[in-house]
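Below is one structure, written out as structure tokens; comments come after it.
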Amino acid sequence: MSNNNLIHIELDGDPELQTSFGEFSIYADRDTGVVSLDIPDRRYGHTTLYDFSAADWARIKELINSVF
44 MSNNNLIHIE LDGDPELQTS FGEFSIYADR DTGVVSLDIP DRRYGHTTLY DFSAADWARI
104 KELINSVF
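If you read the sequence shown in our numbering, its first letter stands for residue 44, the second for the next number, and so on.
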């Protein structure tokens, strides 16, 4: 388990903007490169888990970095 990383943060959200709130988690398996995101919804704070391959995660990071 030492090659894995799990991080949680609590999202406060903004009711006026209807942004997501609740616990956001990211998990990275450093052996396989698989990244999992547990993202809360904006209405109830329920989460959905998304898993990404290492190659797909690299493309997602590239896209995010191009926006910022």
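Ideal placement from N, C-alpha and C gives every residue a C-beta, glycine not left out. Since the model is a prediction, treat every value here as computed from it, not as a measurement.
Residue 83 burial status per 10 Å Cβ neighbour count (16 or more: buried):
Flag for residue 83 reads buried.
Residue from 100, 81, 94 and 97 whose Cα sits closest to the Cα of residue 64
The shortest C-alpha separation from residue 64 is found at 81.
Which whole-angstrom value is the C-beta distance of residue 77 and residue 69, which I expect to be below 8 angstroms?
Residue 69 and residue 77 do not touch by the CB rule: their CB atoms are close to 12 angstroms apart, not below 8 angstroms.
In terms of residue numbering, what span does the alpha helix (DSSP H) encompassing residue 105 cover?
Its alpha helix (DSSP H) spans residues 97–110.
Report the three-state DSSP secondary structure of residue 68 (helix, strand or coil).
Under the three-state reduction of DSSP, residue 68 is assigned to strand.
Compute the Euclidean distance between the alpha carbons of residue 73 and residue 108, then round it to the nearest angstrom.
About 21 angstroms.
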